[in-house]
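Residue numbers (my numbering): 41 to 153.
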């Protein structure tokens with residue numbers, strides 16, 4: 041099994057709301073590849089759903105550090121901030137995610153030509 045396989049299992053378990061198995065799968069992915077940004081984000085989401093917001097923030101911050109141009113990571117962190125009642129920080133991350141998506145959309149037609 042590789043990091044990508046473990047990550048995909050984590051996503052499937054997360055979809056089924058099996059947070060324990062999702063956590064294990066994302067941790068396994070990170071054992072294979074500590075720099076796997078999506079696995080850090082997945083683990084952050086799991087921790088947020090379990091009410092472990094400080095750990096969740098650490099993993100989302102790591103995902104953003106590894107890939108600062110991925111809007112999904114900012115949306116995940118915004119969710120965590122909302123769970124922590126930090127509306128201002130959540131708004132800032134949602135704004136950043138929107139701007140990244142707009143930049144991507146603007147670049148796509150140029151890439152096709």
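The C-beta atom is built at its ideal place from N, Cα and C for all residues, glycine as well.
1) Helix, strand or coil: how does DSSP classify residue 66 here?
2) Thinking just about the alpha-carbon of each residue, which of 57, 83, 75 and 56 is nearest to the one in residue 65?
3) Could you please give the first and the last residue of the uninterrupted alpha helix (DSSP H) stretch that includes residue 78?
4) Say whether chain D places a C-beta atom closer than 8 Å to the C-beta of residue 132.
5) Please look up how many angstroms separate the CB atoms of residue 88 and residue 101, rounded, as I've assumed it's under 8 Å.
6) Note down, one range per segment and in chain order, each beta strand (DSSP E) of at least 3 residues found wholly within the segment 100-135.
Answer, in terms of the structure:
1) helix
2) 83
3) 77-89
4) Chain labels in this structure do not include chain D; a single protein chain is all it has.
5) Wrong, their Cβ atoms sit about 13 Å apart, outside the cutoff.
6) none
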